[in-house]
Amino acid sequence: MFEFCEDPSTLDSLRWFSCYLTNGVHMQFYGSFIKVLALLAITAPVALAFGFAGAMAARSRVAPVAWFGKGYIAIVRGVPDIAFFLFFVIALDQAFEYIRHRVLCPDWTDPIRQGSDFLVCQQAKLPLGSSPEWVHETYGFFLAVITFSIVFGAFAANVLYGGMRAVPRAQMETAEAYGMTRRQTFWRIVVPQMWVYALPGLSNLWMVLIKATPLLFLLGIEDIVYWARELGSTKTARFSDYPHGDWRMWYFLGLLVFYLAMTRVSEVVLERLMVRLTHGQATTGGEAQRKAVAA
Amino acid sequence: MKTLILGTAALALTAGLAFAAGHEKTVRMGTEGAYAPYNFINDSGELAGFEIDLGNELCARAELTCEWVKNDWDSIIPNLVSANYDTIMAGMSITAERDEVIDFTQDYFPPTASAYVAAADNADWETGVIAAQTATIQAAHIAEGGATLVEFATPEETVAAVRNGEADAVFADRDYLAPLVEESGGALVFVGPDVPLGGGVGMGLRESDGELKDKFNAAITAMKEDGSLNELLVKWFGEGVQTY
Amino acid sequence: MSCWQTIQDYGLRSLGYGERLLPRTDFTLCEHFVLIGSGMIWNIYFGIAALLMGFFLATALAVAKMSPRALIRKPAEWFIFLFRGSPLFIQFFFAYFFFLSLKGSYPIFDPFTSAWLGALLVLFFNTAAYSGEIFYGALRSIPKGDVEAADAYGLTGWPRFKRIVWPTMLRLAWPAYTNEAIFLFHATALVFFSSFPAWQQRGDALYYANYFADKTFNPFVPYPILAFYFILFTLVIVFVFGLINKRLNRHLPQTEQRKLKIRPNLIR
């Protein structure tokens with residue numbers, strides 16, 4: 042980064058740190074913050090979509106669909122996320138490749154499982170063997186997003202299911218009186234109103250999602266915790282120009298500050314969102330807003 | 004930790020495939036990146052170490068295009084058999100139980116000695132508290148002996164446990180401990196005897212990948228014969244290292 | 226070896242009883258189930274102990290957060306923010322470091338670096354912070370009429386809190402508190418996973434599942450078994466908390482006794 046970084050062992054501590062904190066491996070550390078934020082930004086809406094689908098399935102009048110929805114919610118919520126992450130990514134990857142294998146290579150005669158090996162035909166590999174490294178990286182990221190979304194989708198489904206049921210009965214009866222169909226009632230009455238009931242639960246879910254990111258390294262993402270551990274561990278002069286002792290404490294302190302800041306910012310934003318959503322709703326909060334304006 | 008970048012490469016090399024490997028096929032090499040001097044991440048954030056140098060040289064000799072992939076140690080074998088990469092070079096000792104699930108090339112590092120490191124010469128390594136990394140051959144060895152085993156998730160923590168007095172000694176690969184002892188300025192010392200564990204370090208491959216294994220075996224043999232493997236060993240492990 | 230024999234050998238392995246060496250070859254399904262189940266003892270211990278202790282601290286924190294006096298309110302607010310705002314993973318890390326350095330100066334802290342006490346303390350504070358926030362929310366939504374009625378009866382201070390405010394708070398908070406219990410239980414899996422060291426191969430369910438996954442190189446057997454155990458005990462929690470909920474609302478007419486709705490309100 043700086044010219045004087047040629048031989049760090051001769052530097053005074055201020056310059057030493059300015060070199061140390063800007064070397065390549067630290068750049069990757071800083072990059073991982075962006076990676077985590079990007080993953081959060083992508084996972085949140087995807088998980089919400091999974092949750093919405095799950096909640097709709099659980100509400101379905103077709104029994105098998107309802108069972109599927111309820112089963113999804115109950116099973117995924119009953120398992121600690123960490124246990125789920127430890128085997129699910131490989132399972133997901135194998136499932137994708139298996140399906141592609143069945144579709145793309147119908148003539149394949151060799152067994153897919155040979156001993157402990159899992160082998161599909163070459164065209165079915167994800168990503169293809171000839172793909173450049175960034176495709177593999179992106180695919181890994183994609184798998185992590187899907188896995189996170191499935192887990193948090195189950196929680197979101199549960200919250201949204203509750204939110205849908207919390208919409209006052211009278212609202213739906215009114216809609217029926219206007220001659221709306223069940224589908225119309227759902228999309229025009231229930232969906233716009235359910236958010237205010239679901240938001241407290243969803244806010245908490247978002248907070249949980251933030252705090253689940255240290256588990257990302259189980260999913261094959263080199264996240265901030267991975268790098269903090271790597272950078273903080275003892276470095277000897279033989280393998281590094283910046284030898285130091287066990288500094289994990291300081292790196293984790295940095296992470297602590299990051300997480301607390303994320304939590305604080307989220308709290309403020311969600312508070313504002315709640316005020317917006319409450320506007321004009323048939324809840325005590327909405328009532329209070331009306332009174333405040335009138336007064 | 005694991006860069007679970009899922010890919011294949013070199014599937015064309017697997018047995019049972021009709022068409023031969025094209026030049027565009029990349030052999031993906033899995034490693035851990037946290038076990039200096041075998042493999043680690045250097046100051047510029049790239050993989051480096053004995054195995055990285057060796058792997059690149061082997062690939063050049065076997066005329067393969069290779070690419071390194073980082074993966075968490077715990078899932079390094081499941082991801083290999085699931086064909087997310089094609090080889091493992093991660094300081095992995097050849098053991099009978101691993102050999103049941105995957106194949107190994109001949110060793111490229113002579114059978115390794117494991118050693119005890121403590122904070123003082125008189126530390127009780129026989130019946131005291133011994134730190135080891137969870138689920139390593141060292142942990143298994145201590146569990147069978149008379150000492151009290153305490154397991155930590157990373158090698159870093161096992162050494163830290165000795166420094167802060169949680170454990171009387173740490174038991175790990177001698178080559179991992181040597182640089183730490185050297186630079187500790189006397190705070191850490193080797194105690195007790197070296198214990199030969201494992202059957203040397205080799206490259207792990209899928210059992211169905213016979214052709215790739217043959218290529219690497221040939222390249223390793225060539226490097227052993229012309230002495231270039233020994234040069235690499237000395238470069239990364241110092242003069243005292245056992246050579247071929 | 227029969228499965229009964231395995232149960233005798235490894236059923237209490239996580240506590241240090243029975244066979245000293247873990248199985249090393251020819252792993253049977255029975256061994257998977259028995260050892261992982263044996264590890265569950267620790268998860269249950271952490272879950273129950275942290276929850277019981279956390280309950281009382283949580284009540285205190287909620288009341289303190291309601292306090293008009295900043296000297297009482299601020300520490301409670303900060304405590305809750307700190308423990309709710311950071312990942313449990315990082316809390317474990319710092320706790321372990323902190324206890325280690327305390328231990329260096331005061332031998333009385335010796336047991337704190339062991340999971341049974343150190344990790345329990347972290348889980349206790351953690352659940353207290355989460356439950357404290359739940360209880361605080363419930364305190365704020367206690368119907369005004371209830372409190373006014375208590376005033377009219379001349380109830381003040383401790384009797385008013387014990388007989389009116391506290392029971393109402395519990396009734397309101399119970400669904401969310403049930404979730405907290407579930408999530409605390411799930412969080413116990415983190416204890417030995419890169420946080421506290423495992424002594425003599427005595428660990429929790431995840432530790433043994435990890436052991437099998439590492440020995441068999443097949444993650445598809447041990448982790449689903451682990452998941453099975455957790456689902457089982459989650460159902461037990463839901464059942465027990467449902468019973469308590471029924472008792473809390475026993476004064477209400479049958480039709481108004483709403484069934485306990487499980488909504489993940491305040492979780493990690």
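So the protein sequences, as listed, match chains A, B and C.
Take the first sequence: its position 37, counted from the start at 1, is 78 in this note's numbering, and no numbers get skipped.
Take the second sequence: its position 244, counted from the start at 1, is 247 in this note's numbering, and no numbers get skipped.
Take the third sequence: its position 70, counted from the start at 1, is 295 in this note's numbering, and no numbers get skipped.
We put the beta carbon where it would ideally sit given N, CA and C, even for glycine.
Could you give the C-beta distance for A/Ala124 and A/Ala198, rounded to a whole number, given that I count them as a contact under 8 Å?
As a first step, residue 124 of chain A is located in the first sequence; it is residue number 83 there, counting from the start. As a first step, residue 198 of chain A is located in the first sequence; it is residue number 157 there, counting from the start. That pair is no contact at about 19 Å.
Give me the chain C residues within the contact set of B/Ile80, using Cβ-Cβ distance strictly less than 8 Å, ordered along the chain.
Within the second sequence, numbered from 1, the residue matching residue 80 of chain B stands at position 77. Correct list: Phe442.
Under 7 Å between the Cβ atoms of C/Ser239 and C/Arg427?
Here residue 239 of chain C corresponds to residue number 14 of the third sequence, with the count starting at 1. Here residue 427 of chain C corresponds to residue number 202 of the third sequence, with the count starting at 1. For the 7 Å CB-CB criterion, C/Ser239 and C/Arg427 form a contact.
What residues match up with B/Lys73 in a beta bridge as DSSP calls it?
Position 70 of the second sequence, counted from the start, is the residue given in the question as residue 73 of chain B. B/Lys73 pairs with B/Thr34.
Counting only beta-carbon separations shorter than 7 Å, does A/Gln155 have a partner in chain B?
Within the first sequence, residue 155 of chain A is the residue found at index 114, counting from 1. Answer yes: the Cβ-Cβ gap between A/Gln155 and chain B drops below 7 Å somewhere.
Which chain C residues sit within Cβ distance under 8 Å of B/Phe155?
Indexing the second sequence from 1 puts residue 155 of chain B at position 152. Proximity of chain C to B/Phe155 at the Cβ level (cut-off 8 Å) is accounted for by Pro422, in chain order.
Might you give, ordered along the chain, the residues of its own chain that have their beta carbon closer than 8 Å to the beta carbon of A/Ile153, omitting 5 neighbours on each side?
Within the first sequence, the letter at position 112 stands for residue 153 of chain A. By the criterion of a C-beta distance shorter than 8 Å, A/Ile153 is surrounded in its chain by Tyr139, His142, Phe159, Leu160, Val161, once the five residues flanking it on both sides are discounted.
Check A/Trp247 in the structure and name its three-state DSSP category.
The residue labelled residue 247 of chain A in the question sits at position 206 within the first sequence. In this structure, A/Trp247 counts as helix in the three-state DSSP scheme.
Boundaries (first-last residue) of the alpha helix (DSSP H) holding B/Tyr247
The residue labelled residue 247 of chain B in the question sits at position 244 within the second sequence. Careful: B/Tyr247 lies outside any alpha helix (DSSP H) and carries neither H nor E.
Backbone CA spacing between C/Ile273 and B/Glu100 [nearest angstrom]:
Counting from one through the third sequence, the residue named residue 273 of chain C turns up at place 48. Counting from one through the second sequence, the residue named residue 100 of chain B turns up at place 97. C-alpha separation (whole angstroms): 38 Å.
What residue range is occupied by the uninterrupted beta strand (DSSP E) comprising C/Thr253?
As a first step, residue 253 of chain C must be located in the third sequence, where it is residue number 28. It is not in any beta strand (DSSP E) - C/Thr253 carries neither H nor E in the DSSP assignment.
So if DSSP puts B/Thr68 in a beta bridge, which residue, or which two residues, is it bridged to?
As a working note, residue 68 of chain B is residue 65 in the second sequence. Note: B/Thr68 sits in a beta bridge opposite B/Thr29.
Taking only beta-carbon positions, decide if C/Ile462 is within less than 7 Å of chain A.
The sequence position of residue 462 of chain C within the third sequence is 237, counting from 1. No, C/Ile462 lies away from the interface with chain A (no Cβ there is under 7 Å from its Cβ).
Using a Cβ-Cβ distance under 7 Å, would B/Asp46 count as near chain A?
As a working mapping, residue 46 of chain B is identified with position 43 in the second sequence. Answer yes: the Cβ-Cβ gap between B/Asp46 and chain A drops below 7 Å somewhere.
To which residues does DSSP link C/Val390 through a beta bridge?
The residue you call residue 390 of chain C lines up with position 165 of the third sequence. Answer by DSSP bridge pairing: none, since C/Val390 is not bridged.
Can you name the start and end residues of the alpha helix (DSSP H) that C/Asp234 belongs to?
Walking along the third sequence from the start, residue 234 of chain C turns up at place 9. Residues 228-235.
Identify which residue in A/Ala195, A/Asp134, A/Arg229 has its Cα closest to the Cα of A/Gly242.
Taking the first residue of the first sequence as 1, we reach residue 242 of chain A at position 201. Taking A/Gly242 as reference, the option from A/Ala195, A/Asp134, A/Arg229 with the minimal CA-CA separation is A/Ala195.
Which of the three DSSP states, helix, strand or coil, is assigned to B/Leu152?
On the second sequence, residue 152 of chain B is found 149 positions in, with the first residue counted as 1. Three-state result, B/Leu152: strand.
Applying a beta-carbon distance threshold of less than 8 Å, which residues of chain C neighbour B/Asp77?
Your numbering for residue 77 of chain B matches position 74 in the second sequence. Correct list: Asn435, Ala438, Asp439.
Contacting residues, own chain, Cβ-Cβ under 6 Å from A/His285 (five flanking each side not counted):
Taking the first residue of the first sequence as position 1, residue 285 of chain A is located at position 244. Contacts found: Lys276.
Helix, strand or coil for A/Gly181 per DSSP?
Stepping through the first sequence from its first residue, residue 181 of chain A is reached at position 140. When secondary structure is reduced to three states using DSSP, A/Gly181 falls in the helix class.
Is DSSP giving A/Pro255 helix, strand or coil here?
Along the first sequence, one-based indexing puts residue 255 of chain A at 214. Residue state, collapsed to three classes: helix.
Is B/Val104 close to chain C? Criterion is C-beta to C-beta, closer than 7 Å.
By 1-based counting over the second sequence, the position of residue 104 of chain B is 101. So, interface residue.
Would a check of beta-carbon distances place A/Tyr292 closer than 7 Å to chain C?
One-based indexing of the first sequence puts residue 292 of chain A at position 251. Not one beta carbon of chain C lies nearer than 7 Å to the beta carbon of A/Tyr292.
Neighbour flag for B/Leu152 against chain C, beta carbons, 7 Å
Counting from one through the second sequence, the residue named residue 152 of chain B turns up at place 149. Using a CB distance cut-off of 7 Å, B/Leu152 counts as an interface residue toward chain C.
How far does the alpha helix (DSSP H) with B/Asp102 in it reach, from first residue to last?
The sequence position of residue 102 of chain B within the second sequence is 99, counting from 1. Per DSSP, the continuous alpha helix (DSSP H) segment holding B/Asp102 begins and ends at 99-104.
Host alpha helix (DSSP H) of B/Pro81 (start-end)
Position 78 of the second sequence, counting from 1, holds the residue named residue 81 of chain B. Where B/Pro81 is concerned, the enclosing alpha helix (DSSP H) stretches over 79-84.
Closer than 7 Å at the beta carbon, the chain C residues around B/Asn87
Residue numbering aside, residue 87 of chain B sits at position 84 when the second sequence is read from its first letter. Among the residues of chain C, none has a CB under 7 Å from the CB of B/Asn87; the nearest is roughly 13 Å distant.
Beta-carbon of A/Ala124 versus every beta-carbon of chain C: anything under 7 Å?
Within the first sequence, numbered from 1, the residue matching residue 124 of chain A stands at position 83. At least one chain C Cβ lies under 7 Å of A/Ala124.
Beta carbon proximity, A/Pro121 to chain C, threshold 7 Å
Locating residue 121 of chain A in the first sequence gives position 80, where the first residue counts as 1. Chain C contact via Cβ: present.
Quick one, which residues of the segment 63-90 of chain A are near chain B if we go by CB-CB under 7 Å, in chain order?
Of all residues in the segment 63-90 of chain A, only Asn64, Gly65, Val66, Met68, Gln69 place a beta-carbon less than 7 Å from a beta-carbon of chain B.
Residue range of the unbroken beta strand (DSSP E) whose run includes C/Ile297:
Along the third sequence, read from residue 1 onward, the residue named residue 297 of chain C stands at position 72. Counting along the chain, C/Ile297 falls outside any beta strand (DSSP E), though it belongs to the alpha helix (DSSP H) covering 295-310.
Exposure of B/Ala24, with buried meaning 16 or more beta-carbon neighbours within 10 Å
The sequence position of residue 24 of chain B within the second sequence is 21, counting from 1. Only weak support is given to the placement of B/Ala24: the predicted model assigns it a pLDDT of 40, under 50, and the question is left unresolved by the model.
Cβ of B/Asn167 within 7 Å of any chain C Cβ
As a first step, residue 167 of chain B must be located in the second sequence, where it is residue number 164. Yes - at least one Cβ of chain C is within 7 Å of the one on B/Asn167.
Does A/Lys332 get closer than 7 Å to chain C when you measure Cβ to Cβ?
Here residue 332 of chain A is taken as the residue at index 291 of the first sequence, counted from 1. Residue-level contact by beta carbon fails for A/Lys332 and chain C, as no gap is shorter than 7 Å.
From A/Ala165 to A/Gln135, what does the alpha carbon distance come to, in whole angstroms?
The sequence position of residue 165 of chain A within the first sequence is 124, counting from 1. The sequence position of residue 135 of chain A within the first sequence is 94, counting from 1. Cα to Cα, the separation comes out at about 10 Å.
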